[in-house]
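Residue numbers (UniProt numbering), protein chains in the order written: chain W, 1 to 719; chain V, 1 to 554.
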Amino acid sequence: MGLLSDPEYGSVKWVRILKRIHSPLCFIFYVAAIAWFFTLAHREFNNETYFSENALLPGLVTNEFNGEQSANQYFNELLQELEEKYEDSDEMPIPWLVGKMSQMHLEVYTHNFTLNYPLGQGQVYKGTNVYGILRAPRTSSLEALVVTAPYRSLSNHQKGTAAGIALMLAFAQFARPQKYWAKDIIFLITEHEQLGMQAWLEAYHGLQRESSSFYTSLGSFWQPSTSRLDLGKYAKGFEWITDHSKCLDPGTLKGRSGSIQAAINLEFHTPKFKYIEVKVEGLNGQLPNLDLVNLVHKLCVKSGIHHSYKNSYSWIRTRNKMDEWFNGIWTMLGMVSAQIAGVPNGNHGLFHRFGIEAVTLEGRDVDDPAGMAPRVQSLSYGNFYRLGITLESILRSLNNLLERFHQSYFFYMLAATNRFISIGQYMPSLCLLCGAMLLRALSLWVTLQKDVDDNTDKKESKDKEDPKDKTTDEIDEDKKEDKNEKNEDINKTKHEGKDRKETDISFSIVNMGGNYLLIHLFGYGVMNSPLLFSHIGSMYFDQPSEISVYYGLIATSVLLIFITPFLLKLRSTLTFEELSIVNILLLIELSTACLAIGMHNYPLGLCVAVLYTPLSLIVGVVDSDSRSGFCLFLKRIICLILHPLSVVSLGLIIYSRVLFPEETLLSMIGRGRDAAMQAVMFSIVDSMIYGNWLFNVGATVILPTWLLFWQILCNRVTA
Amino acid sequence: MLKLGIPSFFLFILILQIKGDDFKEEIFIKPLPPSHLYVNFHFITLVNGEESFEHSHLAPRSLGEIMSRYQVEELHLTLTEGQWKHKQWGYPVLDAAPGAELYAWFSPEVIDVDAHWKKLSSTLSGLFCASLNFIENFNTITPKMSLWPTGAQKLKQNYTSQLRYASLPREIVCTENLTPWKKLLPCESSHGFSSLLNSRMIHNTNYHSIGVHVRRTCVDNNCLDTNLEIKQTVALVYDFKIINSMDWSFRKLFGQGLPGACPLSSSSKIYIDTTSNSTYRFKLSPEPNNIVLSQRGGSETELAVYNITNSVMMNIVAKYETKDKIFVNIPPPLTFTQYVLGYGKEFGGIVTELTNNYWAPIDVVLLENAPWWLPIQLSSLRINGEAESKLIMSQYYSPGKSRQKPYHLELLLRLPPKSTTTLTIDFEFVFLKWQEYPPDANHGFYIGSALISANLPTAKNYTSLPIHGNTFDSVINASKPWYPMIFRTNGAMVSLPTPDFSMPYNVICLACTVVALAFGPLNNICTKELVLKAAGTPLSLRQKIFNIFKKKKD
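Pasting the structure below:
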């Protein structure tokens, strides 16, 4: 405490040095952070993956899978069934699936769920999942593994999953008569992609949202029961606001097993695939335990299946270190871009929130929409047999598990299928970025202090410095006296400082604090606004909700951009100190937020820090008599570009430019705008249905900090 | 010839007079279509008269001594691996909780029941090589409503206070429990039905449960005298999918044929429930000795009976005529399931769902037995989402105490016809002390099954013996106004907040210990001054007084 509030340190050596070098230092921090991130992809800076959990015993069993014939049969039957009866409809062939599963003597259940679409005109979607439980003999159904496949109809624009479902059924048929299972296996086929998965998981864990049921009352026994009722009373007028909490009604499950230990999601279009992509990124950037990822990669190798992760392909192993480094960088960047949005890139991603480790295996062909892998033509095709033994060995390894996945890493980045970077190695880069911001905050504080104590006597500081020159013997002798003196001095100066603050500097806590709070309330308002916009849009303008929400957000932003700079001037004239304090608080908030976000979702934290650290370094309190008008204008432009909404829009315009380089500028902008509209809409809907917090973070943390930056840039203070 | 004959004849009479023990063995086989087969062994030893177990004839002395030593009136012990699936399989003869389950009534003369209980469980632990010695006060309860003695009892006596119940859901049952269990039988495993029980085949089943049930039964209708009935049971459920065919035979199920009856048994019978023959036709060979039709509580059962007398190797075979038929499962009158809700490490809930498929209401007593580390809150009890429910007719709740007493909730419920009743009760996760975690702490913690005692109004799917019956013949035409049964729901598993017991954690613990150990001496060295003192020089009085003051000054 003493260090920062001590008014005398204005002349301490490190303070002087800090003042002189803080801006180059911050710049070095920034560059070092980015350099650090990229060096992590190099072989020397990351680690070979390894198994922490010995109980997995990967690949020790002799593979017995013999269901290739039946898998092919199921595949053909399913395709035939789909073509004959479900050609035009989006429905799932429930009777066929139930029939096949009950023939194997699995316990088969169906599960219905409903989505009340939160935005728009109250559309209701219904769906059904089918699942069969293989009960392990001689256990009391305490633990379970899940094998799942999303169902996609023939008319779906995405790749189908018929082969995945066929493989699953063939595997179930193979696994049913085996006596070695120690955990139940749930074979689950979900409808409507992630929606079905989320509904099933919520139903499995009992998160029903009817007021009378379990989870709303959960943990409420310590709360006074009246508070909830009161809230309800006030919220009655705003029913459309509170309504969204029930948008997904997960329904109930008729049969269930024990606690789920791990899940494997299968997405196979056809048995003739070239390689398997192992997808790991989940909701809010959560990752499965590294042991599971390693397990899958290792067993793919053992079963002779080509596998890949992002830009790292198992069949390409170069000796060239530079190539390897670049591949690593691209893999890492791929992972970062997948994690930033916090949207799971497969059904596995929804399991993570429930503490279940899950990955997706996706079969890819030469002409995959995700892009062509190098030298993919020369690969041999996979088949059901290879896939079957892979799945068998993965599940038997998981069957060996005695404890839940708890060893190994939960926070990591992958630089290749077999190289990883642990949290201890990647956090420093984020810390450096936040360090730059904190350094800037410190230097601002120091300058501020100096101004406050501008007129303090030189004598005091001299006194303070004098003892350093004395020899140690003398210090020992003078110790007591010196201490007393010092204490008195400090007290005196403190009083003086206080007096001066009250008199000379009109520093208004109320003004600044009120402003600070108000800005954050704006953020909170924006977070809750999409429902209102969609409501208004559909009521008065008859527009689809994505357009009304997007333009509503733009209108709000523009409004805020014009209003907020004047908020500071409402009560009194601004002083340099006030704005500096705001600036310092802002820097501390932003860096803390970045670190906190980075702890959960490192790529998002890193991305926010990379974008906003430069802004925070260039933004400073503007004097009224500063002459560099052009510089200020440039700063304001940069600030406007870094507005969260414009970052999203610009980013997507550039991305569409990269994807479709042949288009004209105008159509490119149009395409980017459409993409941005979709992106904003998806993030809002995801936050309502799945609990993705990207939009919430953007609205309640990043937007207010941006507004504060804008306020600082748009106000001039009288010197 | 005559000389030899007369003494042996007298000896024989003498033996009969000393002990009139009676031993019977039975097998009950019931196909559970579409894919399972239920095999239930009964070995009944009746011990005549008031006994001191100094001499025993057929009854196992070790068990008898335990009974008389600890003054146990009635004892039920089951060791089970797997879960009986009531919804698919109907009801077993005797239900058992997964893991180990022990409950006993002590004689009314016993004052310190807890001490006797502890001794009893420890002794049984040694007898059956099971970890029953882990039964302590903190996992023992005294059910108030759900359990009642099945044996003869004196009227107007408070039996409830003499009852103790405990279950150990984590117990794993294996060969080591079966071997001592077999040793209690008069023929051990050399002759008779028990020779079928070889562990290699038993542990291939889907569900197996071994049990010992001891109770007093009336000698005659007046009930002036009681017998001690020791019943040993084995329940097995085979999966046709795992044994790889629907046709079953003794050789396929047990790895060998039946070598005949135990010479010491007074009756050895095999009952095969052929009711499902009407839908799933199968043919038994050899032909049964006779076929019995039994009308019981509105349901009709056909039993094929084999009376085994000789000791000729025998293999009963069932051959199915129709295979792979679609089977429509009609659930029994009362079904139930238990599961844990929620995720994360803060709150959770236990849900028990009871479904009454019958057209009349069914009264049940539900016993929830939560260990102390899973504090269930009575205030959060909801029945179908309501805090105050009309379904509850009586309620007993005894809150647990940390490390001393489990949470115990009993509810007498009237389940409305054709409905599902959902009970939810919330719990908070607690932190354990670090030595209290079991090995493999991240495996999870077991919650035992809930007990459901029901008086079923119909005998559909009901296979239990009537309360006064010893053997399986008593099932035939035994209609009663209601059919009592004690069910066990499935257990569940939760994962408590668990510290990272891996290397860093150990290192932290170790490092802290080392630092603490090192700090003491270092502190001593740094703060105390070592002063040399001449040894042995006597101090004068003045110096002594001076020293006292010196110390005080310090």
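Glycine is no exception: its CB is placed at the ideal position from the N, C-alpha and C atoms.
- Contact note: residue 493 (chain V) reaches chain W through 142, 143, 258, 259, using a C-beta cutoff of 8 Å and chain order.
- Within the same chain, and ignoring the five residues on either side of residue 444 (chain V) in sequence, the residues whose Cβ sits closer than 7 Å to its Cβ are 493, 494, 495.
- By the criterion of a C-beta distance shorter than 7 Å, residue 669 (chain W) is surrounded in its chain by 653, once the five residues flanking it on both sides are discounted.
- Within a 10 Å sphere around the beta-carbon of residue 525 (chain V) sit fewer than 16 other beta-carbons, which makes this residue exposed.
- Note that the region 325–336 of chain V does not touch the region 469–482 of chain V; fewer than 3 beta-carbon pairs, one per stretch, sit closer than 8 Å.
- Taking a beta-carbon distance threshold of 7 Å, residue 205 (chain W) counts as an interface residue toward chain V.
- In chain order, 26, 28, 42, 269, 271, 465 place their CB closer than 8 Å to the CB of residue 472 (chain V), counting only its own chain and leaving out the 5 sequence neighbours on each side.
- Put simply, the CB of residue 355 (chain W) is near chain V, with a gap under 7 Å to one of its CB atoms.
- A distance of 7 Å or more separates the beta carbons of residue 261 (chain V) and residue 40 (chain V).
- One alpha carbon belongs to residue 126 (chain W), the other to residue 150 (chain W), and they sit about 16 Å apart.
- For residue 404 (chain W), the chain V residues whose Cβ falls inside 8 Å of its Cβ are 442, 443, 444, 495, in order along the chain.
- In the DSSP assignment, residue 447 (chain V) is bridged to V:492.
- Assignment of residue 478 (chain V) by DSSP, reduced to helix, strand and coil, places it in the coil class.
- Of the other Cβ atoms in all chains shown, 16 or more fall within 10 Å of the Cβ of residue 411 (chain W); this residue is therefore buried.
- Interface residue (Cβ-Cβ distance to chain W less than 7 Å): residue 98 (chain V) is classified as such.
- In the DSSP annotation of this structure, the continuous segment of the alpha helix (DSSP H) that includes residue 678 (chain W) starts and ends at 665–689.
- Look at the beta carbons and you see the region 368–375 of chain V not touching the region 412–420 of chain V: under three pairs across the two are nearer than 8 Å.
- The region 677–696 of chain W makes no contact with the region 557–572 of chain W, as fewer than three CB pairs between them are under 8 Å.
- The region 206–216 of chain V and the region 83–98 of chain V touch, with no fewer than 3 CB-CB distances between them shorter than 8 Å.
- About 5 Å separates the CB atoms of residue 65 (chain W) and residue 389 (chain W); that is less than 8 Å, so the two are in contact.
- One alpha carbon belongs to residue 339 (chain W), the other to residue 604 (chain W), and they sit about 7 Å apart.
- Here the region 63–81 of chain V lies against the region 119–134 of chain V, with 3 or more beta-carbon pairs under 8 Å apart.
- Beta-bridge pairing by DSSP links residue 427 (chain V) to V:348, V:376.
- Bounds of the beta strand (DSSP E) holding residue 113 (chain W) are 107–116.
- A Cβ-Cβ contact shorter than 7 Å links residue 177 (chain W) with residue 241 (chain V).
- Listed in chain order, the non-local C-beta contacts of residue 158 (chain W) below 8 Å within the same chain comprise 152, local neighbours out to five positions each way being set aside.
- Note on geometry: alpha-carbon atoms of residue 485 (chain V) and residue 402 (chain V) lie some 32 Å from one another.
- Within the same chain, and ignoring the five residues on either side of residue 104 (chain W) in sequence, the residues whose Cβ sits closer than 7 Å to its Cβ are 172, 173, 176.
- Residues of the region 404–424 of chain W that bring their beta carbon within less than 8 Å of a beta carbon in chain V comprise 404, 406, 407, in sequence order.
- A direct Cα-Cα distance of roughly 29 Å separates residue 615 (chain W) from residue 326 (chain W).
- In this model, residue 256 (chain W) and residue 353 (chain V) are separated by some 12 Å (Cα to Cα).
- Residue 157 (chain V) is outside the set of residues whose beta carbon lies under 7 Å from a beta carbon in chain W.
- Going by beta carbons, residue 613 (chain W) and residue 436 (chain W) fall inside the 7 Å limit.
- If you draw a straight line from the Cα of residue 699 (chain W) to the Cα of residue 526 (chain W), it comes to about 6 Å.
- By the rule that beta-carbons nearer than 7 Å mark a contact, residue 150 (chain W) does not touch chain V.
- Annotated three-state conformation of residue 312 (chain W) is strand, per DSSP.
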